[in-house]
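What follows is a single structure, written as structure tokens, with notes after it.
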DNA sequence: TATTGTTATACTCTATAACTATA
DNA sequence: TATAGTTATAGAGTATAACAATA
């Protein structure tokens, strides 16, 4: 945005609107998944594991754009809820392997349904064209700006 | 999004992309303003006060979509940095009045410049049409979904 | 009684840095 | 030495609920 802009014209910042809307959408989603005993961050981690069976914390950290320490903490909580398993890698003695438990795998579709519902709540009123544009533009930013690793790829 | 969607098709969630991009944009902005000793939330609060001179915590809470307690905490920090003043309302003995100090008012344009720079970094590569569409769509969601009060307006 | 603001408490999210075990 | 992971610590960002002062 290299357009001329007065100091007080603050709502012109795209980052501002993005944050504002995103916070509301995420908070609404958080309230929904809370009923299932998980947080949004925990859901994102679980989701990463659905397609791949198992991943080491380091790979999850890359994918989610977080530190390994943060992953450990998230994993600890999911472990305590019996949604995740943590096993030593048989090959590399330093590495660990995180995978969903059966309970975790069962929970994912339920949470996905909540994500669907949340999306509907906030985006269904948009014209299909706008909805498509929004996804396209966001993905474009991720790609072009090289945001830390693509989430699911 | 009432489109048919398989459970594993997770990146189809708009809320997901929104959160992902927004988090990156905000984190980058946070690193920039940090050099000036403030956080993003503090900046948003300061910004609210630029145009209006003074507001009670309750009004700020409405505008920012936060609780009064959260505002108190933010204000405490800005007070400690001499960027804000807190004075009892002369009319209503219960009310307080928050306003920027001269130092605070001086800081706002500097932070606004950083917001500009951050926007540029993430959105300048977009086609002008897409950039406009993004703002329009986001504002539309805020309006139509009635997200807690419009931020500045 | 209702409202304004503050305080107390508690979590989540996340980072940085130190540390352990292994490679 | 370098890497994988964990742990310790800390602070931001919030929320809820209890409380004090005033209306």
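Chains as they are written, first to last, in this note's numbering: chain A, 1 to 153; chain B, 154 to 306. Ideal placement from N, C-alpha and C gives every residue a C-beta, glycine not left out.
- Only exposed fits residue 69 of chain A, as fewer than 16 other CB atoms lie within 10 angstroms of its CB.
- The stretch 90 to 104 of chain A and the stretch 254 to 262 of chain B do not touch, with fewer than three beta-carbon pairs separated by less than 8 Å.
- Among the residues of chain B, those whose CB is under 8 Å from the CB of residue 115 of chain A are 163, 166, 168 and 169, following chain order.
- Residue 248 of chain B places its beta carbon 8 Å or farther from that of residue 227 of chain B.
- Using a CB distance cut-off of 8 Å, residue 94 of chain A does not count as an interface residue toward chain B.
- Listed along chain A, the residues sitting closer than 8 Å to residue 172 of chain B by beta-carbon distance are 22, 25, 26 and 40.
- Taking C-alpha positions only, residue 103 of chain A is separated from residue 197 of chain B by approximately 41 Å.
- Residue 141 of chain A and residue 23 of chain A have their C-alpha atoms roughly 18 Å apart.
- When Cβ-Cβ separations below 8 Å define contact, residue 139 of chain A makes contact with chain B.
- Annotation: Cβ neighbours of residue 144 of chain A in chain B (cutoff 7 Å, chain order): 278.
- Neighbours of residue 91 of chain A in chain B, taken as residues whose beta carbon is under 9 Å from its own, are absent, since the nearest beta carbon is some 27 Å off.
- Restricted to the stretch 216 to 254 of chain B, the beta strand (DSSP E) segments that are unbroken, complete and at least 3 residues in length are 237 to 241 and 249 to 253, listed in chain order.
- When the alpha-carbon of residue 19 of chain A is set against those of B:236, B:233 and B:218, the nearest one is in B:218.
- When the beta-carbon positions are compared, residue 100 of chain A and residue 83 of chain A come within less than 8 Å of each other.
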